[in-house]
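Colleague: Have a look at this one.
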Amino acid sequence: MAEIIKERDEKNSSLVFKTVQRKIVNQESNFKTNINCVILFLVLMLGKVYYFQLDQLLFITAVLLIFSLFYRSAYEKDYLKDYEIYTTVQNGSLNIRGDRGEDEFRDKLVEILSDDQFKVLNNIYIPSTNEKYLGQIDSLLIGKRNIYVIEIKKWKGKIEGDLSDSEWIVENNKEPKRKSPYYQNKYHVKEVRKLVSDLLPKESQIMNVIINMERDAVFNITNSDGEWIFDDVEQLLELIKEVENKEASIITPEISDKIINEILQSHFELLEEIEFKINKRLLAKYNLEYISGN
12 MAEIIKERDE KNSSLVFKTV QRKIVNQESN FKTNINCVIL FLVLMLGKVY YFQLDQLLFI
72 TAVLLIFSLF YRSAYEKDYL KDYEIYTTVQ NGSLNIRGDR GEDEFRDKLV EILSDDQFKV
132 LNNIYIPSTN EKYLGQIDSL LIGKRNIYVI EIKKWKGKIE GDLSDSEWIV ENNKEPKRKS
192 PYYQNKYHVK EVRKLVSDLL PKESQIMNVI INMERDAVFN ITNSDGEWIF DDVEQLLELI
252 KEVENKEASI ITPEISDKII NEILQSHFEL LEEIEFKINK RLLAKYNLEY ISGN
């Protein structure tokens, strides 16, 4: 069956994310521990002079040390959580969004595309026209002959528009005007082409694919003849299987591996860069230089 190289909900922090987290947590927790030790020392000295016998002091010392260790452990967990939330929430595209049909699409893809030469990368980040955010590819399928850049929607109602429109009209929606997924995905295709065009055979194409996973929706998109716009996931995947099996494979396993490496390298580099931008002040506060994962 098709091999899922990257799942939707994994590898969405950079390779150095945990390292930076740990360095900040260590600085914070060491500072807190040092303060606690100073306070503990002063308390013990005062206690020795005025109030307690030796056995009482030993008991109090043990209790305070245990409390200090527990406090440090709890603090580290809370701070790690806070830092992670701070990093991801600052950039909406870094958040793992709720399922909009991606999981259902993944399951159908694995079921219908049974050849393990198909490789799938989900939730891949690419440069955006807005420097504050990252672009996101819902699913990227590397076949035997072509690459499919797939934008997944789960829109209800009647969907109207033209391929040249930047917005489509979606009836029965609180926001009837929605960004055209075809228009949006054209940019995704362009970015993928920049990354892998030198690796692909000349005959290979990079396809702009739109799938709406809501079965009760109706597409009414003009000038869409020949374009890969579907509201039936089985029909889409069966067509991909037919196209990819019609002629001999030209994307060899070696080429496929190089494409995957190129895409994932770009994915992680972008994450590192955006994390650095988001946390620039925070890193400066702790005198940490940007750490590259390469």
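According to my numbering, the sequence shown is numbered sequentially starting from 12. Note that CB positions come from ideal geometry on N, CA and C, so glycine has one too.
Would you mind reading off the limits of the alpha helix (DSSP H) that contains Q147?
Modeller: Here Q147 belongs to no alpha helix (DSSP H); instead the beta strand (DSSP E) covers 146–153.
Colleague: Thinking C-beta only, is A259 closer than 8 Å to L124?
Modeller: No. Outside cutoff.
Colleague: Using a Cβ-Cβ cutoff of less than 6 Å, which residues in the same chain neighbour Y194 once the five nearest sequence positions on both sides are dropped?
Modeller: Excluding positions up to five away in sequence, the list reads S177.
Colleague: Using a Cβ-Cβ cut-off of 6 Å (strictly less than) and excluding sequence neighbours within five positions of I221, which residues of its own chain qualify?
Modeller: Cβ within range, chain order: E162, P192, Y193, I240.
Colleague: Would K17 be called buried (16 or more neighbouring beta carbons within 10 Å of its own) or exposed?
Modeller: Classification of K17: buried, given that the 10 Å Cβ count is 16 or more.
Colleague: Would you grab the beta carbon distance between H199 and I148 for me? Rounded to a whole angstrom, and I think it's under 8 Å.
Modeller: Right, their Cβ atoms sit about 5 Å apart.
Colleague: What separation, rounded to the nearest whole angstrom, lies between the Cα atoms of G237 and Y159?
Modeller: Cα to Cα, the separation comes out at about 15 Å.
Colleague: Would you please state the rounded distance, in angstroms, between the beta carbons of M224 and V244? I believe it to be under 8 Å.
Modeller: With 8 Å as the limit, M224 and V244 qualify as a contact, their Cβ atoms being about 6 Å apart.
Colleague: What did DSSP end up calling E312 once you bin it into helix, strand or coil?
Modeller: The structure shown does not extend to residue 312, since the chain is modelled only from 12 to 305, so the question has no answer here.
Colleague: Suppose you measure from the CA of Y155 to the CA of N234; what does that come to, to the nearest Å?
Modeller: A quick correction: the sequence has Lys, not Tyr, at residue 155. Roughly 28 Å separates the two Cα atoms.
Colleague: Nearest by alpha-carbon distance to I137: which of G112, G146, D118, F287 is it?
Modeller: Closest by alpha carbon: G146.
Colleague: What's the gap between the Cα of E182 and the Cα of F230?
Modeller: The alpha-carbon atoms of E182 and F230 are separated by roughly 11 Å.
Colleague: Would you mind reading off the limits of the alpha helix (DSSP H) that contains D114?
Modeller: Residues 113–123.
Colleague: Return the CA-CA distance between I274 and D127, expressed in angstroms with no decimal places.
Modeller: Rounded to whole angstroms, I274 to D127 spans 19 Å at the Cα level.
Colleague: Short of 6 Å in beta carbon distance, which residues of its chain neighbour N134, apart from the five on each side in sequence? Order them along the chain.
Modeller: Same-chain partners within the cutoff: R19.
Colleague: Quick one: is N272 buried, meaning 16 or more other Cβ sit within 10 Å of its Cβ, or exposed?
Modeller: So N272 ends up on the exposed side.
Colleague: When burial is assigned at 16 or more other CB atoms within 10 Å of the CB, is R226 buried or exposed?
Modeller: Burial call: exposed.
Colleague: Which class does L132 belong to by DSSP, given the choice of helix, strand or coil?
Modeller: The answer is strand: DSSP assigns L132 an E or B state.
Colleague: What residue does the beta strand (DSSP E) around R189 start on, and which one ends it?
Modeller: R189 -> beta strand (DSSP E) spans 188–190.
Colleague: Have a look at K252, K165, E286 and flag the residue whose alpha-carbon is nearest the alpha-carbon of K130.
Modeller: Nearest option by C-alpha distance: K252.
Colleague: Could you name the residues of the same chain whose beta carbon sits closer than 7 Å to that of G168, not counting the 5 residues immediately before and after it, in chain order?
Modeller: Hits under 7 Å: V181, E182, N183, N184, A228.
Colleague: Name the DSSP bridge partner or partners of M218?
Modeller: Y159.
Colleague: What alpha helix (DSSP H) runs, 4 residues minimum, are completely inside the region 195–240?
Modeller: The region 195–240 contains no whole alpha helix (DSSP H) run of 4 or more residues.
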